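Novice: Under the working numbering, think of the first position of the sequence shown as 129, with each following residue one higher.
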Amino acid sequence: ECRLTINAHNENVSSIAWMSSNELVSASWDQTIKLWNMDTIQSTQTFKCGKAVLSLDVSSVNGLLICGFTD
């Protein structure tokens, strides 16, 4: 059952990951990465990447965000 839909990216979302207990990150084919405060369901920051973002992950060791793009 879908509990929440957020229409914030202009194209398909390719990946999402938790940064912390209340912060989510989403990547999209629209060439952006967005950070989200899930307490308020608001985007707190948008990164323009210049290429479609195909994947992302967050390091459990140091919290770094790792992104994969098209060639």
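Even for Gly, the Cβ is constructed at its ideal location relative to N, Cα and C.
Predicted, not measured: the structure shown is a model, and the values here were computed from it.
Going by DSSP, which residues form a beta bridge with A145?
Specialist: V153
Novice: Could you spell out where the beta strand (DSSP E) holding Q173 opens and where it closes?
Specialist: 170 to 176
Novice: Apart from the five residues just before and just after H137, which ones in its own chain have a Cβ nearer than 6 Å to its Cβ?
Specialist: S156, D158
Novice: Please name the residue in W146, M147, E129, I161 whose C-alpha comes closest to that of C79.
Specialist: Here the chain comprises residues numbered 129 to 199, so residue 79 is not present and cannot be evaluated.
Novice: Under DSSP, the beta strand (DSSP E) around D185 begins and ends at which residues?
Specialist: 181 to 186
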